[in-house]
Amino acid sequence: MNIKSENGLVRILKKENVKWVSTYPTAVINNACGEEGVENLMMRTDRLAVAVADGYSRCSNGKSIGVCSVQGGMNAVGAHLAYGAIVQAFEDSTPMLCITDGVSPEITGIPRHDLVQIFNPVTKWTGYVNKPNRIPEFMSRAFTYLKSGRPGPVVIQLPAKLGEFDEEQYPYEPVKGWKTAGHTRDVEIALRALIEAKNPVIYVGQGVFYADACDELLKFVELVQAPVMTTLKAKSAFPENHPLSLGVTGTSVQRFLESSDLIFCIGCSLSPGRRYGGFKHQLPGTKRSDIGLQNGKIIVQCTIDPLDLNRYYHVDHAILGDAKIVLEQLILEANRRGISQSTFKKELIAMIENSKKEDLDKYKTMLYSNEKPINPYRVYQELINAIDLQKSCVTHESGSIREHLAQIYPSIVPHGFIGWGTVSPLGFGLGAAIGAKLAYPERQVVDVAGDAGIAFQIGDFEALVRNKIAITTIHINNSGFSGYGPGPWGAGSAPYTASLTSFEIANYAESVKAFGLDAERVTDPDELTPALRRAFKENSSGRPAFLEVICGNQPIRGWLTV
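Heads up: take any position in the sequence shown, counting from 1, add 24, and you land on my numbering.
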């Protein structure tokens, strides 16, 4: 039976269990989605459409693939506006699918811009469908790349009115995806190095999420009794209320990193850290490309991608394989060696506990401050008090809020916190929150944004109301870009471009209320918890909520830059 190309592609999406496509019109498959019963989840910007698909894939560990569509073809304005979000998905290694119009096969090579060339450097694969009957082939390749190997975005270009193909002659079978185990000898060597180390630290990356390996990680850690730190993107992969958790940043992480003799990395790419403006610690006392020979802590890296090895840090031992399978292998090897779960090492637990208390003591005054404008840390503390940490998901925006929450907010269940940011387009926090709500409809979802991020979100709030996506957005409004101008941190990094219109003039809550959200402004710290509870109650009835909190500035703390 012959079918139009667009409809055939959408039927393939249905076979891959895709229920919706986030979009901003017009895009080549939008009408076909409507005709075939796949929901068009329409956002108000192309960039957010990509971010929603990205956030959904992250929160589902890549088991369900987020799909978006944007305008391409000759007037590829949607694809161009979505570019930054695709770059973020590439840098953050998110397996999501973006479908856009391709130019007609009759004129390929004639337009001056070529979307294949534009997207090739920032995708795992970019495919241009030149014949209708090749759609099953291209979609099979797309989902194979999305479900196998290192995660990353895929872009498919489908020209409009390409023609029809016979579904029976060119059938599609859903793709399973493939994973690899580590080499047995590599597993033995890596575990021996860990056991023989005097002060090891386990460093966890988001590869543990995509391998669906949080349970295996917990079991392995409790077997080997080593402290655990995570990358920002892996925050919540290991419960931060666990006695062996160091968290993401702060005194506890710094102290254990500096005193360690071995760093055992799992699902972690080991990119350059804060020294170059990233959101990772520099690993001190390591052999790496930019500063020559150091003390030479031993690094063991377990990764799915050989391109991660010796990219920046010198790696002493490596295991190439899927994190879940590798952790299972490590557990079996540990059992073979007679290692069994025992009571926690009291001295080690006490050291971790004392370091965490030291961190908390630095913030205690701010966390319980009664000052006005409200201290942002008081906002975070009240959020922690008001929300159910077991049944929620909190994310952030770019800037100081990301760094505050990475330190302060305790994540105790997988994806209880969504940390993100390598290349970080402002506004992504809203897309991450929407994706989280789609993945976990039963959870309370909160996005915390600052003055920079909120400007990139506000135009998309209408989509929350129309699609009944009941999340809460907290706006930390300090009428400026925190850290840019003078403050507790000093003169600021960009004092000439730091100030915004005062909250005494600009009222964001009133603006947002006009979109149909439940919105209110909070100026008294004692009103934070009641306001949060009102917002969450509105969410429970299907209505999105917005809290504008009038705040002061606070410094950023906690990253190791050596």
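We put the CB at the ideal spot given by N, CA and C, even for glycine.
key: Nearest-angstrom Cβ-Cβ length linking L182 and I134, presumed shorter than 8 Å   = 18 Å between Cβ atoms; not a contact.
* Compute the distance between the beta-carbons of E572 and N501, then report whether it is under 8 Å. => Contact flag set, yes.
_Classification of E240 by the beta-carbon crowding that lies within 10 angstroms, buried from 16 upward_ = Around the beta carbon of E240, 16 or more other beta carbons sit within 10 angstroms, so the residue counts as buried.
- How many whole angstroms separate the CB atoms of C289 and Y227, which I take to be in contact at a CB cut-off of 8 Å? Rounded, the Cβ-Cβ distance is 5 Å, consistent with contact.
The beta strand (DSSP E) with L37 in it runs from where to where? Going by DSSP, L37 is part of no beta strand (DSSP E) but of the alpha helix (DSSP H) stretching over 29-39.
Inset, instruction - Since I believe S276 is in contact with K380 (beta carbons under 8 Å), could you give me their beta-carbon distance rounded to a whole number of angstroms? - result: Their Cβ separation, rounded to whole angstroms, is 5 Å, which keeps K380 and S276 in contact under 8 Å.
* Asked: According to DSSP, is A374 helix, strand or coil?
  -> Helix, per DSSP.
Original post:
Alpha carbon to alpha carbon, how far is A543 from E357?
Top reply: Their backbone Cα atoms lie some 55 Å apart in a straight line.
### Query
Secondary structure at N577, three-state DSSP: helix, strand or coil?
Three-state result, N577: coil.
Taking the alpha carbon of Q431 as the reference point, which residue from K259, T521, L331 has its own alpha carbon closest? That would be K259, whose Cα lies nearest to the Cα of Q431.
F167 and V225 - do their beta-carbons sit closer together than 8 Å? No, Cβ-Cβ distance for V225 and F167 is not below 8 Å.
*Counting along the chain, where does the alpha helix (DSSP H) carrying Q431 start and finish?*
It spans 424-432 - the alpha helix (DSSP H) in which Q431 sits, taken as one unbroken run.
Evaluate T585 with the Cβ neighbour count: other Cβ atoms within 10 Å of its Cβ, from every protein chain shown; 16 or more gives buried, anything less gives exposed. Because T585 carries a pLDDT of 45, less than 50, the predicted location of this residue cannot be relied on, and the following value inherits that uncertainty. With fewer than 16 other Cβ atoms within 10 Å, it is exposed.
query = Is it true that the segment 460-470 meets the segment 80-91, where meeting means three or more beta-carbon pairs spaced less than 8 Å apart?
reply = Flag = yes, the segment 460-470 and the segment 80-91 touch.
_Using a Cβ-Cβ cutoff of less than 6 Å, which residues in the same chain neighbour K537 once the five nearest sequence positions on both sides are dropped?_
Short of 6 Å from the beta carbon of K537, and not among the five residues preceding or following it, lie these beta carbons of its own chain, in chain order: A543.
Buried or exposed for P568, please, with buried defined as at least 16 other CB atoms from any protein chain shown within 10 angstroms of its CB.
-> Buried: at least 16 other Cβ atoms inside 10 Å.
Fill in: Proximity winner among T525, T273, V469, L331, relative to G566 (alpha-carbon distances)
Nearest of T525, T273, V469, L331 to G566, Cα basis: V469.
Next item on the list: Using the Cα positions of A19 and T255, report the straight-line distance between them to the nearest angstrom.
Entry: Outside the modelled stretch of the chain, which goes from 25 to 586, sits residue 19, for which no answer is possible.
Quiz item: When the Cα atoms are used, what is the spatial distance from R68 to H266?
Solution: Going by C-alpha positions, R68 is about 41 Å away from H266.
Exercise for review: Taking all protein chains shown into account, decide if E427 is buried (16 or more other Cβ within 10 angstroms of its Cβ) or exposed.
Suggested key: Around the beta carbon of E427, 16 or more other beta carbons lie within 10 angstroms, which makes this residue buried.
Worksheet item: What number of angstroms, rounded off, separates the C-alpha of A555 from the C-alpha of N334?
Response: Looking at the two C-alpha atoms, the distance is approximately 50 Å.
- Message: Per DSSP, what are the beta-bridge partners of H499 in this structure?
- Response: Answer is A473, E572.
message: Suppose contacts are defined by Cβ-Cβ distances below 8 Å. Is N577 in contact with S506 by that definition?
response: Yes, Cβ-Cβ distance for N577 and S506 is below 8 Å.
Helix or strand or just coil, what does DSSP make of N359? The answer is helix: DSSP assigns N359 an H, G or I state.
Inset, instruction - Give a yes or no on whether the C-beta atoms belonging to A237 and H341 are separated by under 8 Å. - result: No, they are not a contact pair.
Taking just the CA atoms, how far does L354 sit from E212? Spanning the two alpha carbons is a distance of roughly 8 Å.
* Asked: Taking all protein chains shown into account, do 16 or more other C-beta atoms lie within 10 angstroms of the C-beta of Y520, making it buried, or fewer, making it exposed?
  -> Flag for Y520 reads exposed.
* To do: Would you list the residues sitting across from V622 in a DSSP beta bridge?
  => Outside the modelled stretch of the chain, which goes from 25 to 586, sits residue 622, for which no answer is possible.
**Asked** Under 8 Å between the Cβ atoms of A75 and A473?
**Response** Remark: C-beta atoms of A75 and A473 do not approach each other more closely than 8 Å.
Review point. Should K396 be labelled buried (16 or more other beta-carbon atoms within 10 Å of its own) or exposed?
Key: Exposed, since its Cβ has fewer than 16 Cβ neighbours within 10 Å.
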